[in-house]
Every structure is written in C-alpha cells, then in structure tokens.
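A quick write-up on the structure given underneath.
Numbering (our numbering), first residue to last: 830 to 976.
The following block contains the structure:
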C-alpha cells in the first residue's frame, strides 16, 4: 500500500485500505539466471519489472487489467497484488508459456525477451483470480514462490 505526506515536515498519513479486487498478477523469473549464469539480483528484478510493465501495456484494454488498475473504488493502484514465482530454467519458462496457451481459457501473458542477448528471462500474467488450469500449469513446470 502506498502512503503520502502533505509536506516533508509532517508524519506519513495512511488512508483507509482500498477495496480489494481479488486479482493478482503473477511474475515468473528463471532461477538459473542467478545460480548458473551468475546474474546479480538487481538485473533479475529489472526483468520482472519489464515483464510486468509490458503485460499491463499490451493488455491495457483487457477488463481485468482495467479493474486491476482502477480497483473497485477507484484506488486500484494502491491495492495491486503481485506474486513473484520462479522456475528452474529457460525450458521451464517456455513450457509454462506453452501450457498457458493450451489452457481452455488461457490467461494473457507477456514473455520478456532480453535483448540483445535474445534470452527469455521473465513472464508476467494479466491480473487474474488464479484459475485451476493456471495452478495446474504452474505445478507441472515446478513453479514455486521466489525465495
């Protein structure tokens, strides 16, 4: 949740919590970029930010993106929920994208490709209510909470 100050000399005042939408954005990164390719954490975090920004831009007219950004009470940006997950490697990330494509009701996503290296690094999904098919796809590729 964000906070604000009226000026630099006052305490931070928190507003009441925004009404939740029940939507969450999942961002999936590759663990091997840290463990095998020796990427620093900062650049990996940047990849997740690229993917999240790209999916919101590409699907900006999608009803769930509009609801995620606006919220139930016009304060969606304050109550955005995201979870960062990991898969082991590039093959698992590509497999996840394929499994999402094959779902009965696929969730929109953006697979971020880092250039000029042309390396798939992160995948972000349109904010969603975690349908069962998505959970199944996560489980099948060994997707788990990023730690």
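In this text, a Cβ means the ideal position worked out from N, Cα and C, and glycines have one as well.
These figures come from a predicted structure and were not determined experimentally.
- For residue 901, no beta strand (DSSP E) run applies, since DSSP gives it neither H nor E.
- The three-state reading of DSSP puts residue 940 in strand, counting E and B together.
- Between the region 887 to 900 and the region 962 to 973 there are fewer than three inter-stretch CB-CB distances shorter than 8 Å, so the stretches are not counted as touching.
- For residue 914, the enclosing beta strand (DSSP E) begins and ends at 911 to 916.
- In this structure residue 853 touches residue 957 by the C-beta definition: roughly 7 Å separates them, less than 8 Å.
- For residue 853, there is no enclosing alpha helix (DSSP H), since its DSSP letter is neither H nor E.
- Taking a contact as a CB-CB distance under 8 Å, the pair residue 937 and residue 954 counts as one, their CB atoms being some 7 Å apart.
- The Cβ-Cβ distance between residue 856 and residue 951 falls below 8 Å.
- The residue among 927, 929 and 918 with its C-alpha nearest the C-alpha of residue 948 is 918.
- Residue range 919 to 930 is occupied by the alpha helix (DSSP H) that includes residue 926, with no beta strand (DSSP E) assigned at that position.
- Under the DSSP assignment, residue 949 falls in the beta strand (DSSP E) whose first and last residues are 948 to 954.
- Ranking 942, 911 and 910 by CA distance to the CA of residue 922 puts 942 first.
- Excluding its 5 nearest sequence neighbours in each direction, residue 879 has C-beta neighbours in its own chain below 6 Å: 941, listed in chain order.
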